[in-house]
Amino acid sequence: MRGSLHNDEFFTDKNGKIHTKSNHAGGTLGGISSGEDMHFRVAFKPVSTIMKKQNTVDVKGKKAVLKARGRHDPCVLPRAVPIVDAMSALVIMDHLLRHKAQNE
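Numbering (my numbering), first residue to last: 742 to 845.
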């Protein structure tokens, strides 16, 4: 995508409020909120504890087989949404407080 296509052009609506015609930057421009919805990508590592037997070594360096026991969730998605919501709120509040402290 060319930079000219990525730009979020500003305009004023009929009430005089400023908006952007698009939201290519995901709600932030130069690290500052544009007032539009914030969009970002999140990634999680695969679940490391699986129910399949795995070859490994013990503390003495000898070959061993590891088989997980107990309750282990194969999918972390149900937990991911509240975690992402909470961390997003913490990061935004951190930036808000830092900005406030620097400008007093």
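Using N, Cα and C, we set each Cβ at its ideal position, and we do this for glycine too.
In this structure, the alpha-carbon of residue 754 lies about 29 Å from that of residue 840.
If you ignore the 5 residues before and after residue 795, its C-beta comes within less than 6 Å of the C-beta of 807, all in its own chain and listed in chain order.
Annotation: the continuous alpha helix (DSSP H) that includes residue 841 extends over 818-843. Straight across, the Cα-Cα distance linking residue 800 with residue 809 is about 17 Å. Each residue's CA atom was taken as its position, placing residue 779 and residue 845 some 27 Å apart. Following the DSSP letters along the chain, one finds residue 760 inside the beta strand (DSSP E) bounded by residues 759-761.
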